[in-house]
Structure formats: structure tokens, C-alpha cells
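Each remark here refers to the structure printed beneath this line.
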Amino acid sequence: MFPQTHIYFAEWITGTKADQVTLGSMLPDMLVGGFFDHRGAHTMGQEVFEFLKKHNTLLIFGHALLTHGFVPEGLDYYGDEKYLDYERGYCFEKAKPFIMDTVEACNIPVKMGWWKAHNIVEMGVELLVSARDYYSDRIISAFTNRALIAELDELFANIWPGNTINFAHRVERFVDFFEHDKADAQSLAAKYNYQMLLKHKIEIDTKKVARLIDKAAESISDEVDDFFTTAGEMVKNNIASLDHK
């Protein structure tokens, strides 16, 4: 999922709005690159939480982190990997009707179509979530909280000694990757174009992608809250099992 969706979901699961929640909810995506590949960044949540629990520190951050990744099973697990009896996760299932249009709009080979179409659905979710609240102030507050960012940098150095995370730099860099103001289909498509250029050296047709984002949002608008509720209950149970471990 995209950042505003992760903030929304983590705030709902934890019942808390705070800089720790904002940063924790986005941490796996911030860590991708260098020491972590995508899967590695999405499977370190339990390791980090157990360290925080042992030292009784930053537990709000830890709980927010647990809502995101694959281990334990968080929002991205149910969105990407596996949800109920679907072939894969929720966003992959809902992306199936958009695969070929995504291939055309994103100028990509067919083999990349399902993955990138699932991003279209994720941006549709982001569009719906962003319309419900104003996340910019929370994002700015968290991303400029130098004391918390420094504390987290020290934390990561203790968890992964010898691997420089340079979290402050990652936070500064990450802000360019996503829409932190009120999102619309055009702004999401523009940010996605930036990501595609950086990752794949491919320029997408932003107008076509924006139309696909709108279509994806419309296609799930009546059911996405059911997904959040069902996935949310499973995530709460996963977190509770670690709390009592």
C-alpha cells in the first residue's frame, strides 16, 4: 500500500495519532535499498518489535510497524501476498481487470503487468483514504521530528550493528516518493512516474495512469472498508500474539 493508507491503517489499529505511528507505519518502505531488499524490509518487523519490547522503549512505534509488512502478517501481506481464498493478496486480485491497460499506460512488458496493476489498485485505495482525512500535518510533524529520527537511527544501529541505515537521509529522500498532501489521481500518477523513472528508467503516460487510478478507486469504493475490517482484525490478533509472547 501507499503511505497515507499505511498511516490510516496504523492509526486505526493502534488507536493513536503520533509521530511514532506515522514513522512506524511507513518504515518498511523507507528501508528498501542498500542493506534491505523489498522482502527483507517487509520481514524485519517482528525482530524490531521484540528488541523494543525487551528494552521497553518506543512501543507505539513498534506496534505501528507491525501493521505494515509480511512478518508478522500486516496490511501489505494481505494486500500483496495472500488474502482469504484469493490467488494472491487483495490488491492483486482487484488488479486483474486492469492488467493490459496498465501495460499500455506504463509502457511496460506484459510480464510486469500484474505487479504494476496492483500498484494502480493501491493508488486507488490511497485516493479513497486521502479523501477522508488530511494527513499532511502528521507527515510533516513526523518527518521533521529530529529527536525521534535520531533516536530511531541509534536504535537501528543497535539492532543491526555494522550496517549504517542513515535513517535521517532515508526520511529526507523518501518524501519525494509519495503524495503527502491531499491526493488526487493526477498527483498520484505524477509521483508514480517519478518512481518508475528512478527504478526502471521508464516514463509512463500519466494521463492514462490517472484515469486508471480513478477507475480502480471506483471499482473498490464499496468494498475496501470490508477489506480493512477483515485484514485489521487479523493484524490485531497477530500483534496481540507478539504482545503476549
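The numbering used here runs 1 ahead of the 1-based position in the sequence shown. Think of the CB as a built atom: it goes at the ideal place given N, C-alpha and C, for glycine as much as any other residue. In this text the structure is predicted, and so the values were computed from the model without any measurement.
- Item | Rounded separation between Q47 and P73 - CA only | 6 angstroms
- Task: Hey, could you find the ends of the alpha helix (DSSP H) I240 is sitting in?
- Result: 225-244
- Query: If you draw a straight line from the alpha carbon of A232 to that of T6, how long is it in whole angstroms?
  - Reply: Cα-Cα distance, rounded: 13 angstroms.
- In chain order, which alpha helix (DSSP H) runs of at least 4 residues are fully inside the region 83-134? Qualifying alpha helix (DSSP H) stretches, in chain order: 91-96, 100-107, 114-131.
- Item | Straight-line Cα distance separating L53 from K117 | Taking the straight line from one Cα to the other gives about 35 angstroms.
- Contained alpha helix (DSSP H) runs [length at least 4] in the region 136-202, N- to C-terminal order: 137-144, 147-160, 168-175, 186-201
- Message: Please report the distance separating the alpha-carbon of R139 from that of S188.
- Response: 19 angstroms
- In terms of residues, what are the limits of the alpha helix (DSSP H) holding H7? 4-15
- Task: Have a look at L156 and R147 and give me their C-alpha separation to the nearest angstrom.
- Result: 14 angstroms
- Message: At the level of alpha carbons, what is the spacing between A42 and F36?
- Response: 9 angstroms
- CA nearest to the CA of V126, picked from Q21, N238, I221: I221
- Spatial neighbours of F229 within its chain, please: CB distance less than 7 angstroms, with the 5 preceding and 5 following residues excluded, ordered by chain position. F10
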